[in-house]
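Numbering (the numbering used here), first residue to last: 310 to 502.
Don't be surprised by glycine CBs; every beta carbon is placed ideally from N, CA and C.
To start, the structure itself, in structure tokens.
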Amino acid sequence: MGLPGCTLLGSDPDEASTPTPTRTGTRTPDPTPEPTPTSEPTPTPRMDATATAKYQEPDDGEPFVDPPDAYLEVDIGTRKNVEDPDDNGTNGVYLYRSQSVEAVFEVQVVDTRADDVRHHSVYQVPADRQLSIDLNEPSDYTVNIYDHDREQGWSLTIPRGSFDCNGRGHWAYSLEGRGFRWNIHQTMRGCDA
Numbered sequence: 310m311g312l313p314g315c316t317l318l319g320s321d322p323d324e325a326s327t328p329t330p331t332r333t334g335t336r337t338p339d340p341t342p343e344p345t346p347t348s349e350p351t352p353t354p355r356m357d358a359t360a361t362a363k364y365q366e367p368d369d370g371e372p373f374v375d376p377p378d379a380y381l382e383v384d385i386g387t388r389k390n391v392e393d394p395d396d397n398g399t400n401g402v403y404l405y406r407s408q409s410v411e412a413v414f415e416v417q418v419v420d421t422r423a424d425d426v427r428h429h430s431v432y433q434v435p436a437d438r439q440l441s442i443d444l445n446e447p448s449d450y451t452v453n454i455y456d457h458d459r460e461q462g463w464s465l466t467i468p469r470g471s472f473d474c475n476g477r478g479h480w481a482y483s484l485e486g487r488g489f490r491w492n493i494h495q496t497m498r499g500c501d502a
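Right, here's the structure in full:
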């Protein structure tokens, strides 16, 4: 039922695709959207739930590859309960590929002081982007990383002493072919003891 001369959209599928008269003219219905391609399914996690380092530490040094822009930022913990936040800064882990290709990284953040897995997830990181992980609460951490495409893993050890008045960024990136680098960049302020 409707007004004379008007078609009630949705009442008949055949009528829904015809133009509908309106007071100001004829409205053409919106075209059916093209289906969006679905990404490949996220791989099944490879790491177990134990709060331990899973792999060896990667090498540091060359090649130095600056991190691209973040596609996602993940906060581990909160700054609300941090005593003396200026003297107990955060540590950021920036995970990416050294070349311009998509990556599937599994990340597990372990608070070794509390014997607790704080975060465990699989991420599809787009080409020329990085995953940013902020460790907001001072503690001893191990960040386990597994590259599903390259079938290799690494563990980054970030001790409690790294949470001081200096800002720290851990650039963690897989190299073309195989291999991984971990370089730490920080401000060089003298902190009060």
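Leaving out the 5 sequence neighbours to the left and right, which residues in its chain are closer than 6 Å to Tyr432 when beta-carbon positions are compared? Start at 1 with the first residue of the sequence shown, and residue 432 comes out as number 123. Excluding residues within five positions, the ones whose Cβ falls inside 6 Å are Phe414 and Leu440.
When the Cβ atoms of the segment 368-376 are set against those of the segment 416-435, are three or more pairs found closer than 8 Å? no
Could you give the first and the last residue of the continuous beta strand (DSSP E) run that contains Phe414? In the sequence shown, residue 414 corresponds to position 105, counting from 1. Here the beta strand (DSSP E) through Phe414 covers Ala412 to Asp420.
With DSSP collapsed to three states, give me the class of Arg388. Sequence index remark: in the sequence shown, residue 388 carries index 79 (1-based). Arg388: coil per DSSP, three-state reduction.
Give the single residue among Arg438, Asn445, Met356 and Pro468 whose Cα lies nearest to the Cα of Asp393. As a position in the sequence shown, residue 393 is number 84, starting the count at 1. When only C-alpha atoms are compared, the closest one is Asn445.
Rank Glu382, Glu411 and Thr466 by C-alpha distance to the C-alpha of Leu484 and give the top, closest one. The count along the sequence shown starts at 1 and reaches residue 484 at position 175. Of Glu382, Glu411 and Thr466, the residue nearest in Cα terms is Glu411.
Separation of Thr466 from Asp449, as counted between CA atoms: One-based indexing of the sequence shown puts residue 449 at position 140. One-based indexing of the sequence shown puts residue 466 at position 157. Rounded to the nearest angstrom, the two C-alpha atoms are 8 Å apart.
When the cut-off is 8 Å and only beta carbons count, does Pro394 lie next to chain D? The question asks about chain D, but that chain is absent: this structure has only one protein chain.
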